[in-house]
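Asks: Residue numbers (mature numbering (1 follows the signal peptide of the UniProt record, and there is no 0)): -19 to -1, 1 to 125. Even glycine gets a Cβ: it sits at the ideal position worked out from N, Cα and C. Remember, predicted model here, so these are calculated numbers, not experimental data. Take a look at the following structure, please.
Pasting the structure below:
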């Protein structure tokens, strides 16, 4: 009788473990986010942004192209680039994982709408993601 109880216990435990077991692990590689390229070929200007979530931000949260004027975005970009570059040049004060590189963006150069749009939105995205404030009085704690 004791061995019958033990056998029933082992069978029920095995059945329980089998029923609760996980499904097969999907060994396919998870899709990675493609880098966002900000470029103006006629000026030979190129920034490559590899920051998880930025592509989704551009697709779903950022205001559509045409919402902001180019001059508005240029003014913001000039200000934000200056603050970004100050932080990039102060590795002991600011997180170098965020401010890895300086951004070469100069006032008076027409980079075009697309470059300004993507750079502007990257600054909005980065300020939200990293909970930073690059200044300029623009609220980044909510959807732009």
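What residue ranges within the region 26 to 70 form continuous beta strand (DSSP E) runs of no fewer than 3 residues, ordered along the chain?
Replies: 26 to 30
Asks: Counting pairs of Cβ atoms below 8 Å between the region 30 to 48 and the region 70 to 77, do you hit three or more?
Replies: At 8 Å Cβ cutoff, the stretches do not touch.
Asks: Which residues does DSSP list as the beta-bridge partners of residue 20?
Replies: 27
Asks: According to the Cβ coordinates, are residue 62 and residue 94 closer than 7 Å?
Replies: no
Asks: Could you tell me the alpha carbon to alpha carbon distance between residue 88 and residue 55, rounded to whole angstroms?
Replies: Those two C-alpha atoms are separated by around 8 Å.
Asks: Taking the continuous alpha helix (DSSP H) assigned at residue 112, which residues delimit it?
Replies: Counting along the chain, residue 112 falls outside any alpha helix (DSSP H), and DSSP gives it neither H nor E.
Asks: Can you give me the Cβ contacts of residue 38 inside the same chain, cut-off strictly under 6 Å, excluding the 5 residues immediately before and after it?
Replies: 106
Asks: Closest to residue 116 by C-alpha separation, out of 27, 65, 83, 28, would be which residue?
Replies: For residue 116, the closest alpha carbon among the candidates 27, 65, 83, 28 is that of 65.
Asks: Helix, strand or coil, according to DSSP, for residue 14 in the structure here?
Replies: coil
Asks: So, under 8 Å CB-CB, residue 100 and residue 29 are touching, yes? Tell me the CB distance rounded to an integer number of Å.
Replies: Incorrect: roughly 12 Å between the Cβ atoms, too far for contact.
Asks: Is the beta carbon of residue 97 closer than 7 Å to that of residue 43?
Replies: For the pair residue 43 and residue 97, the CB atoms are not nearer than the 7 Å cut-off.
Asks: Please state the DSSP three-state secondary structure of residue 86.
Replies: coil
Asks: Measuring straight from C-alpha to C-alpha, what distance separates residue 24 and residue 18?
Replies: 14 Å
Asks: What number of angstroms, rounded off, separates the C-alpha of residue 110 from the C-alpha of residue 22?
Replies: Their backbone Cα atoms lie some 29 Å apart in a straight line.
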